[in-house]
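Line by line, the protein sequences give chains B and Z.
According to the working numbering, the first sequence is numbered sequentially starting from 28.
According to the working numbering, the second sequence is numbered sequentially starting from 47.
First up is the structure itself, then whatever we jot down about it.
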Amino acid sequence: GAGVSQSPRYKVAKRGQDVALRCDPISGHVSLFWYQQALGQGPEFLTYFQNEAQLDKSGLPSDRFFAERPEGSVSTLKIQRTQQEDSAVYLCASSLVGTGNSPLHFGNGTRLTVT
Amino acid sequence: GENVEQHPSTLSVQEGDSAVIKCTYSDSASNYFPWYKQELGKRPQLIIDIRSNVGEKKDQRIAVTLNKTAKHFSLHITETQPEDSAVYFCAARGRGSQGNLIFGKGTKLSVKP
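Right under this line is the structure:
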């Protein structure tokens, strides 16, 4: 079926605005990850869900960042009171299971620009 | 936690030559090492992976080697083509990470025709 789908593809926000980024994982994938990728850098881990449970949010940079996956499928990453340093590509990835040998499949990402 | 170092940051080769990218990791319990290719503005795509019970894996022009003792792994691309030009990321899955990957900073490979 389809791969990981993210929307919007691009988002421009004024500093101080709230944004919501959506991720639709591959159907049946248990695990869902959010990564932040700054220009010229590798993806940096933000948070991880197994079904609807958020098992690791150690990578979220501040309490302005919040993620949810209420029904164990679609996930939303919300950033409150955006700052310029939040400008980056936000990548979502899913995998069939969370441990062992299951590879991560990435979406195309949402490029967030905070002006 | 796990830390992954990747070098070189940029690599330029002539078409037909080989390219080698190297990564080191810190967590000796890490057991899964994928490589991703990312073209400009596109998603990272898995090109090859290796698990800790294997020392080498090959898929056509791409191979990966793993040295668990030294905690390093390498990507080898032979007979490079212009379409191999992209940024390549190595990653490691650490102990108790529940599937999370820690990525290197990437290598920008340019293949000149």
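For each residue, glycine too, the CB sits at the ideal point set by N, CA and C.
Keep in mind it's a predicted model, so treat the numbers as computed, not measured.
What residues of chain Z sit near B:L131, judged by a beta carbon separation below 7 Å? L147
Would Z:A65 and Z:V133 be called neighbours here (beta carbons separated by less than 9 Å)? no
My parser needs the beta strand (DSSP E) runs of 3 or more residues fully inside the segment 60-109 of chain B; what are they? 71-77, 80-83, 92-95, 102-106
Check whether Z:K103 and Z:I96 have beta carbons under 9 Å apart: yes
My output table needs one value for Z:D95: the three-state DSSP class, helix, strand or coil. strand
Beta-carbon of B:Q63 versus every beta-carbon of chain Z: anything under 9 Å? no
Excluding the five sequence neighbours on either side, which residues of its own chain have a C-beta within less than 6 Å of the C-beta of B:Q44, listed in chain order? T109
Output the distance between the C-alpha atoms of Z:Y71 and Z:E85, rounded to the nearest integer angstrom. 24 Å
Flag B:E71 as yes if its beta-carbon sits less than 9 Å from any beta-carbon of chain Z, otherwise no. yes
Assess, as a yes-or-no matter, whether the segment 123-133 of chain Z is touched by the segment 99-116 of chain B under the definition of 3 or more beta carbon pairs within less than 8 Å. no
For Z:Q106, decide whether its Cβ has a neighbour in chain B, counting only Cβ atoms nearer than 9 Å. no
Shortest alpha-carbon distance to B:Q33 belongs to which of B:G67, B:S102, B:R96? B:S102
For B:S54, does the count of other Cβ atoms within 10 angstroms reach 16, so buried, or fall short, so exposed? exposed
Alpha carbons only, please: which of B:L139, B:T140, B:F133, B:T142 is nearest the one belonging to Z:K88? B:F133
N- and C-terminal bounds of the beta strand (DSSP E) containing Z:T126: Run containing Z:T126: none; DSSP gives neither H nor E here.
Identity of the residue in B:E79, B:Y75, B:T137 nearest B:L131 by Cα: B:Y75
Between the C-alpha atoms of B:E71 and Z:P90, what's the straight-line distance to the nearest angstrom? 13 Å
Alpha carbon to alpha carbon, how far is B:G86 from B:K41? 24 Å
If we ignore side chains and look at the alpha-carbon of each, how far apart do Z:L57 and Z:D105 end up? 21 Å
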